[in-house]
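Participant:
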Amino acid sequence: MTDRLRVPRVAGVVLLVALALALPVAVADRRFYAFIVGITFLHVLWTAGMNLLSGFTGLIPLMYAGLAGIGAYVTVNLVMSAGVSFWLAMPLGAVAAAVVGVVLGLPALRLRGFYFTLSSLVIQSALTLLFVYFPRFTQGDTGISQIPAPTVTLPGLGTAALTGVWFEETLAVAAMLAVLVVWRVTRSRWGAYLVAIREDDVLTEALGIDVTRFRVIAFFISSLLAGMGGAFYAHYVAFVSPRSFDVLTSLNIWLMVAFGGRGTIAGPIVGAVILAPIPYLLQDLYLYKDIIYGVLIVLVTVFLPAGVWGSLLPRLRARLGAAAPARVPGKEFV
Amino acid sequence: MPPSPRARRALALALALAVVAGGVLPAAAQPRGEPVKIGWISELSGTWAFFGATCFDAAKIAEEEINARGGVLGRPIAVLPQDNRTDPAQAVAAARVLDSQDKVLTLSGPTSSDTALAVYGYAEQNKVPFVVPVAAFPRLTRPGTQWTFRVEPDAVGWGYAIVKFVEKQKPGGTLGLIYSDYALQRAITAGIKHQAERSKIQVVSDIVFPQGATDATVQAAQLKTRNPDYVVVIGGGAFDVTITNQLLDVGFRPAQFIHPFGTVKQILGWGARSVGSYYGTFFDHSLANLNDYARGLIEKFKARKGYIPAYIENFCYSTVYLIKEAVEKAGSTDRTKFRDALRAIDTKEITTGIPIVFDKNGARKEYMYFMQIQEVGKDTYRSREAFYIEWDPEVIPVYQLAP
Amino acid sequence: MDALLLIGLSVVTTGLITGAIFALVAAGVTIVYGAIWLPNAANGQFFMLGGLLVWSLVTGWGMSPLLAAALVVAASVPFALVLEKGLIRYFYDVPDRNIVYLVVTLGLAQIFAGIFSSTYGRWTDNYSLPAAWPGIVMIGPFPFPKTRLLVLSIALGLLAGLFVFLRLHRVGRALRAVFQNREAAALRGVNVRGIYRFAFVLGTLVVFAGGTLFAMAYSFDLTAAWSMAIVAFAIMIVGGPGSVLGSVVIGLVFGFTQAIVSVFANPTIATFSYLVAMLVILLVKPSGLFTR
């Protein structure tokens with residue numbers, strides 16, 4: 522990395538943060554667009570967690586939505602049945618998802634990358650079955666409605682429900698925190714280990730690095746973010762059902778990562794920002810929107826094989842005059 | 556692109572026809588002004604697109620008829636569709652856009668369980684009236700409901716009605732249940748099991764399939780060895796037809812089947828083999844008590860879609876008329892006044908004359924027909940009314956049975 | 024005694040018929056994955072396309088189900104060739120193409136799902152064919168519909184044919200050589216790209232055949248696409264990617280597990296049991312049971 526790139530990068534990050542925080546305010550009185558913004562932030566959070574595993578360790582956890590579901594159901598049950606505050610229930614839900622994620626990630630310790638991906642698909646369908654089969658906690662496929670918004674108590678100002686633009690701002694902050702966590706992890710020595718494991722786990726093991734430990738940690742953090750997103754989703758949309766967390770949701774989150782650019786920090790954000798709003802914005806084209814979505818994915822894969830960001834980044838670098846070495850796209854950090 | 560000469564000719568012809576028709580039709584005052592908006596959140600794409608599309612088309616027919624006859628309060632009525640992709644989150648987003656952007660008077664439209672409940676949550680939290688045409692969960696009118704009104708009788712009640720029917724057909728008879736694990740099915744069977752005890756009907760078999768199951772041969776054989784007098788079959792989607800056929804294969808007679816509900820496509824799917832079977836419904840083109848509205852709906856719908864409407868289409872059609880009537884009673888498009896008018900309404904369903912009265916939770920005075928299939932052709936069928944029953948929404952503890 | 028026999032025979036026939044259809048679809052998936060490294064996430068939609076086209080031909084045109092099925096399976100060849108030429112072949116040389124292919128085929132799945140939902144999905148919610156061979160044959164106390172007997176025989180026949188082809192025919196053996204080692208096969212003069220194309224066409228054809236047979240044996244709706252895609256992947260992983268024998272054995276095992284467990288427990292547990300069995304097998308032998 523040359524110094525010439527540092528300034529634009531810092532400026533870009535500052536701009537992005539400002540934009541993320543300003544957007545909910547800008548659309549505050551158009552609740553529909555505000556909702557799309559909120560949903561997009563949730564997907565930024567989710568893709569960050571998915572990216573940590575799929576982009577940096579090469580393990581694609583397609584039971585990701587199931588884990589988000591566990592986070593959501595644990596949180597909602599704690600809040601609605603046990604009367605626990607959302608701010609306590611949400612971390613508990615996230616940890617529950619993380620623990621389940623680590624357990625379900627165990628096959629990954631034995632399975633070579635892609636077999637794990639396919640078997641995680643099966644794990645996901647088992648989780649969906651369980652959600653439907655235990656209506657005591659999930660109310661089956663009728664779902665849980667009227668989930669209350671989290672409340673916030675400010676000293677001297679009393680208690681208020683977190684609604685409207687405040688909720689979207691909260692989601693913006695949560696999404697940024699998630700991206701920050703993933704960025705820190707990948708920038709640390711851990712991150713280097715994770716990539717080493719992705720590239721060649723046998724060799725990495727031979728170098729004396731505890732491959733298992735790092736994979737477990739990656740699973741933990743990734744699933745934690747999945748669960749956290751699930752908890753926020755439940756209380757933001759105010760409704761959850763097993764269908765909110767089915768295999769298509771998993772595949773969609775992963776598609777956003779791949780669409781934007783695996784293994785980069787910005788790529789998944791780009792993917793989420795482009796793809797998450799599509800179903801909402803193409804309301805009037807409801808007969809064609811799935812087709813448009815699919816065509817977009819195919820076109821990007823054909824013409825920008827490393828994802829939108831992963832493919833544009835090297836060009837951007839070249840334009841900025843940085844003497845970036847030609848690397849395989851999709852395998853570098855921003 | 557400029558219109559082709561042919562298109563232009565067609566347009567001219569259409570205009571001329573419109574002028575002629577305008578002169579011939581009874582001079583209903585042209586509705587004018589800001590339309591009265593109904594936000595129609597429906598499954599226009601996704602897994603259950605069939606139900607959303609069929610329901611919306613029926614609602615459209617009602618909208619056209621009402622506007623041709625002068626609208627409501629002198630204003631046109633407008634059914635504004637929003638697709639929910641059979642996805643609850645999308646349904647909430649749709650509710651949001653209809654509420655805050657289009658400023659609709661009321662929400663309506665969902666035909667699927669979870670989308671209806673998602674909209675229910677939004678409506679109750681944001682104080683928007685919500686008239687549910689076709690969703691049968693008791694939870695949509697659970698005690699404390701303020702803004703939601705359910706036009707379709709609740710599914711636990713259907714279970715009650717089924718047992719009452721069996722009791723009449725064969726007192727002390729036995730019943731086998733075979734169904735898919737969907738919330739609707741769980742609610743119906745909860746009602747059956749509850750009422751069966753009280754009606755001295757024995758449930759000898761209770762077989763539930765996971766969603767996505769495809770084969771029921773083993774279960775059909777098991778059920779055959781128990782040999783119940785009647786079998787209640789409620790598969791999810793096409794699996795319903797598979798179960799029915801496989802039960803017939805192992806030797807059940809059609810007259811032993813009770814399907815809690817029969818949509819047209821379902822009945823056609825069961826086919827000629829099922830002549831003699833019973834199904835529950837709330838409207839059927841074979842009923843004797845059809846009025847002009849009902850016949851008009853059947854004719855127009857058939858011309859538009861190529862198949863005959865059944866209870867789903869009728870609920871969607873008559874819901875628009877119900878909303879119109881409530882707006883007239885309220886005399887304004889104020890949401891609270893509209894809600895209060897619905898609460899106080901005491902009217903008849905436009906197509907059947909069956910009473911519409913809502914209790915304090917928005918649940919309707921309930922009723923059900925049981926029909927016996929007489930004939931199934933390629934795209935039509937005929938059946939005969941075998942049983943009719945009305946009951947109070949809380950005749951059995953529906954809210955505890957399907958929480 | 025009769026009751027026991029009735030249930031026993033229902034288990035055998037159900038295990039065989041679901042197992043054979045599972046096996047057929049999984050074999051199609053495994054041929055494509057084994058050769059090209061292409062995990063076709065759209066295979067469920069291909070399966071569905073086969074079934075829906077048969078349904079259209081039969082209910083719309085009054086064609087006999089068997090003729091319609093034959094036509095649809097034949098039509099899958101040009102369909103696969105167009106797809107191969109227009110899309111699939113561009114990624115043959117990408118190093119981690121399995122992931123790229125997963126993205127592309129998910130895109131394809133989305134396109135097909137969108138098309139089905141805005142066409143077929145609005146016409147009806149269940150697709151049922153008239154019996155291809157009406158009537159029932161009694162096996163002891165157990166009545167077995169002749170159509171299902173027909174479907175079962177065709178499915179087993181196709182599987183046997185596939186097997187013989189891969190073992191004995193020159194092209195089939197070249198295909199297996201590519202499964203085992205691309206580089207070695209190339210060195211021995213096998214046209215690897217030609218084999219890729221052939222594998223894609225053959226695999227697609229087999230999946231279509233599975234879809235048409237499924238449509239003859241069962242009523243179906245659009246949800247069957249994803250369930251079948253996942254079952255096929257599961258069978259492929261357990262059986263070992265690239266192993267047609269693995270697909271057949273595991274497909275039948277899955278079919279029978281589901282049928283047998285159904286006797287003792289409710290069907291949800293039965294479905295669950297094979298998912299769990301799959302995970303256990305994976306933990307014990309991660310590369311699949313039938314890999315060389």
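Protein chains in written order, with this note's numbering: chain A, 522 to 855; chain B, 556 to 958; chain C, 24 to 315.
No residue lacks a Cβ here, since even glycine has one placed at the ideal position from N, Cα and C.
The structure presented is a predicted model; accordingly, all values stated were derived computationally and were not measured.
1) Using 10 angstroms around the beta-carbon of Met697(A), count the other beta-carbons present and answer buried if the total reaches 16, otherwise exposed.
2) Just to confirm my understanding: we take Glu726(A), look at its own chain, exclude 5 residues before and 5 after, and list those with CB closer than 6 Å. What are they?
3) Excluding the 5 residues preceding and the 5 following Ile944(B) in the sequence, name in chain order all residues of the same chain whose CB lies nearer than 6 Å to its CB.
4) Applying the 10 Å Cβ sphere with the 16-neighbour rule, what's the burial state of Arg836(A)?
5) If you draw a straight line from the C-alpha of Gly917(B) to the C-alpha of Ser735(B), how long is it?
6) Could you tell me if Glu107(C) is buried or exposed, where buried requires 16 or more neighbouring beta carbons within 10 angstroms of its beta carbon?
7) Roughly how many angstroms separate the alpha carbons of Trp702(B) and Pro586(B), rounded to a whole number?
8) From Thr578(A) to Leu129(C), what does the alpha carbon distance come to, in whole angstroms?
9) Compare the C-alpha of Pro765(B) against each of Gly661(A), Gly831(A) and Leu776(A) and name the closest.
10) Residues of chain A with a CB under 7 Å from the CB of Trp249(C): which are they?
11) Determine the direct distance from the alpha carbon of Val778(A) to that of Thr674(A), and round the result to whole angstroms.
12) DSSP three-state label for Asp642(B), please.
13) Give a yes or no on contact between the stretch 59-69 of chain C and the stretch 115-132 of chain C, applying the rule of three or more CB pairs nearer than 8 Å.
14) Pull out every residue of the stretch 660-674 of chain A whose Cβ sits closer than 8 Å to any Cβ of chain B, in chain order.
15) Are the CB atoms of Ser832(B) and Phe816(B) within a distance shorter than 8 Å?
16) Quick one: is His840(B) buried, meaning 16 or more other Cβ sit within 10 Å of its Cβ, or exposed?
17) What residues are listed by DSSP as bridge partners for Met926(B)?
18) Quick one: Cα of Leu833(A) to Cα of Phe780(A), how far?
19) Within the same chain, show all residues whose beta-carbon is closer than 8 Å to that of Thr568(A), passing over the 5 residues directly before and after it, in chain order.
20) Suppose the cutoff is 6 Å on Cβ atoms and the five residues either side in sequence are ignored; what does the same chain contact list for Ala163(C) look like?
21) Within the same chain, show all residues whose beta-carbon is closer than 7 Å to that of Tyr862(B), passing over the 5 residues directly before and after it, in chain order.
22) What are the residues of the stretch 593-620 of chain B that lie near chain A, defined by any Cβ-Cβ distance shorter than 8 Å?
23) So which of Ile54(C), Leu47(C) and Val276(C) has the shortest CA-CA distance to Ala200(C)?
24) I'd like to know if Asp736(B) contacts chain F, where contact means its C-beta is closer than 8 Å to some C-beta of that chain.
25) Is there a Cβ from chain A that is less than 8 Å from the Cβ of Pro643(B)?
26) Closer than 7 Å, Cβ to any Cβ of chain B: which residues of the stretch 115-127 of chain C, in chain order?
27) Tyr113(C) touches chain A at which residues, Cβ-Cβ below 8 Å?
28) Which partner residues of His749(B) appear in the DSSP bridge assignment?
29) For the structure I just gave you, are there three or more beta carbon pairs, one from the stretch 592-601 of chain A and one from the stretch 708-726 of chain A, closer than 8 Å?
30) Considering only C-alpha positions, which residue in the set Asp761(B), Gly746(B) and Ser760(B) is nearest to Ser754(B)?
31) In this structure, what does DSSP give as the bridge partners for Glu945(B)?
32) Secondary structure at Ile596(B), three-state DSSP: helix, strand or coil?
33) Look at the alpha carbon of Phe854(A) and the alpha carbon of Leu574(A), and state the distance between them as a whole number of angstroms.
34) In three-state terms, what does DSSP make of Ala690(B)?
35) Runs of 4 residues minimum, wholly inside the stretch 253-303 of chain C: which ones carry the alpha helix (DSSP H) assignment?
36) Quick check for students: name the residue ranges of the beta strand (DSSP E) that lie wholly in the stretch 648-678 of chain B, counting only runs of 3 or more.
Facilitator: So, to answer that:
1) Met697(A) comes out buried.
2) Around Glu726(A): Val732.
3) Within the same chain, Ala716, Lys719 and Met923 come within 6 Å of Ile944(B) by CB-CB distance, once the 5 residues on both sides are set aside.
4) Counting Cβ neighbours within 10 Å, Arg836(A) comes out exposed, since fewer than 16 surround it.
5) Taking the straight line from one Cα to the other gives about 28 Å.
6) Glu107(C) should be labelled buried.
7) Those two C-alpha atoms are separated by around 28 Å.
8) Going from the Cα of Thr578(A) to the Cα of Leu129(C) covers about 21 Å.
9) Looking at the Cα atoms, Gly661(A) is the closest of the given residues.
10) By Cβ distance, chain A contributes Val768.
11) The straight-line gap from Cα to Cα measures roughly 36 Å.
12) Of the three classes helix, strand and coil, the one that applies to Asp642(B) here is coil, per DSSP.
13) Yes: at least three Cβ pairs fall under 8 Å.
14) Within the stretch 660-674 of chain A, contact with chain B at the beta-carbon level (separation under 8 Å) is assigned to Gln660, Gly661, Asp662, Thr663, Gly664, Ser666, Gln667 and Ile668.
15) Going by C-beta atoms, Phe816(B) is not nearer than 8 Å to Ser832(B).
16) Buried is the call here.
17) BP columns for Met926(B) point to Tyr834(B) and Glu940(B).
18) Between the alpha carbons of Leu833(A) and Phe780(A) lies a distance of about 12 Å.
19) Excluding sequence neighbours, Thr568(A) sits near Ile774, Met777, Val778, Gly781, Pro789, Ile790, Gly792 and Ala793.
20) The sequence given here has Gly at residue 163(C), not Ala. Excluding positions up to five away in sequence, the list reads Leu28.
21) Contacts found: Val819 and Asp934.
22) Contact annotation: in the stretch 593-620 of chain B, residues whose CB is within less than 8 Å of a CB in chain A are Leu599 and Ser600.
23) Looking from the CA of Ala200(C), the closest CA among Ile54(C), Leu47(C) and Val276(C) belongs to Ile54(C).
24) Protein chains in the displayed structure are A, B and C, and chain F is not among them.
25) Interface flag for Pro643(B) against chain A is set, since a Cβ pair is found closer than 8 Å.
26) Residues of the stretch 115-127 of chain C with a Cβ closer than 7 Å to any Cβ of chain B: none.
27) Those within 8 Å of Tyr113(C) in chain A are Val823.
28) Looking at the DSSP assignment, His749(B) forms no beta bridge with any residue, so it has no partner.
29) Short answer: they don't touch.
30) Nearest of Asp761(B), Gly746(B) and Ser760(B) to Ser754(B), Cα basis: Gly746(B).
31) According to DSSP, Glu945(B) bridges with Tyr922(B).
32) Reduced to three states, the DSSP call for Ile596(B) is strand.
33) Residue placement at Phe854(A) cannot be trusted, given a pLDDT of 35 that sits under 50; what the coordinates show is reported in the next sentence. When the Cα atoms are used, Phe854(A) and Leu574(A) turn out to be separated by approximately 14 Å.
34) Note: Ala690(B) maps to coil in three-state DSSP.
35) For the stretch 253-303 of chain C, whole alpha helix (DSSP H) runs of length 4 or above, ordered along the chain, are 267-287.
36) Counting whole runs of 3 or more residues, the stretch 648-678 of chain B contains the beta strand (DSSP E) stretches 661-663.
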